[in-house]
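Everything below concerns the one structure shown next.
Set out below in structure tokens:
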């Protein structure tokens with residue numbers, strides 16, 4: 001997906017920090033994921049936009065417990081689709097916060113060096 005992130009950043013549709021590699025999935029806001037990146041991913045894959053979304057907290061936890069033992073072992077957060085109050089979204093997964101067992105929240109427009117995302121395709 002690095003070429004997609006690079007193109008979206010060159011087009012000014014997705015932002016970054018100066019030191020963020022152009023192809024990185026970090027430093028993309030929740031709104032940029034939801035409104036830009038996921039739409040481009042769906043189009044590239046040939047799916048409807050409704051088929052590609054960020055994982056919800058329950059999906060993130062279930063996939064991590066059932067299929068992906070590496071989730072929650074890294075010092076990073078991932079945006080989750082779940083809203084929290086009007087302008088915030090849930091985050092999950094940082095090992096320093098408890099890995100899969102810890103869910104936090106952040107303003108959906110926040111650009112952070114330690115927040116990425118894991119898109120999910122629903123067939």
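In this note's numbering, the protein residues as written are 1 to 123. Just so it is clear, CB atoms sit at the ideal spot from N, CA and C, and this is done for glycine as well.
Item: Contact the segment 60 to 77 vs the segment 93 to 104: 3+ CB pairs below 8 Å; Value: yes
Item: Reduced DSSP category for residue 82 - H, G, I as helix; E, B as strand; rest coil; Value: strand
Item: Runs of alpha helix (DSSP H) lying entirely within the segment 56 to 111, each at least 4 residues, in chain order; Value: 57 to 66
Item: Cβ pair residue 57, residue 90 closer than 8 Å; Value: yes
Item: Burial state of residue 61, where buried means 16 or more other Cβ atoms lie within 10 Å; Value: buried
Item: Rounded separation between residue 13 and residue 22 - CA only; Value: 12 Å
Item: Those residues which DSSP pairs with residue 153 across a bridge; Value: Lying before the first or after the last residue shown, residue 153 is absent from the chain, which here runs from 1 to 123.
Item: Residue 92 versus residue 116: straight-line alpha-carbon distance, rounded; Value: 10 Å
Item: Nearest-angstrom Cα separation, counted from residue 16 out to residue 111; Value: 7 Å
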